[in-house]
Amino acid sequence: MSNAKNFNPAKPVGMEIVFYYQCPYCSRKVPLIAPVEPSMGQCDACGNQFPVVPADEKNIRYIKTILDNGKAAIDPNFV
Ligand SMILES: [Zn+2]
């Protein structure tokens, strides 16, 4: 890891939006990368699976677009 100091801090080249779904088994708030179709989430605490309501793909695309896939969301004072 001694080479790491030779690099500038990496900038984001993409982003995902994380949604939280409450596990019906243990009530944990389970983070999932926005599912855009009906799917099963898996609780990372108790391991049970449960169906989740999907996110609207248009909304996800919109947020990624206005943030330019993360490039427009970085701290301008850090560049
Ligand atoms: Zn759980």
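In the numbering used here, the protein residues as written are -9 to 69. Don't be surprised by glycine CBs; every beta carbon is placed ideally from N, CA and C.
Endpoints, alpha helix (DSSP H) assigned at LYS54: First-last of the alpha helix (DSSP H) with LYS54: 47 to 56.
- request: List the endpoints of the continuous beta strand (DSSP E) containing LYS19.
  value: Here the beta strand (DSSP E) through LYS19 covers 19 to 23.
message: I need the DSSP call for PHE9, collapsed to helix, strand or coil.
response: Strand, per DSSP.
query: Comparing the CB of TYR11 with every heavy atom of ligand 1, is any distance shorter than 8 Å?
result: Not a single heavy atom of ligand 1 lies less than 8 Å from the C-beta of TYR11.
field: Supposed close pair PRO21, TYR10 - CB separation, criterion 8 Å
entry: Sure, about 6 Å apart at Cβ, within 8 Å.
- request: May I ask you to list the residues that DSSP assigns as paired with PHE68?
  value: The partner list for PHE68 (beta bridge, DSSP) is empty, contrary to what the question assumes.
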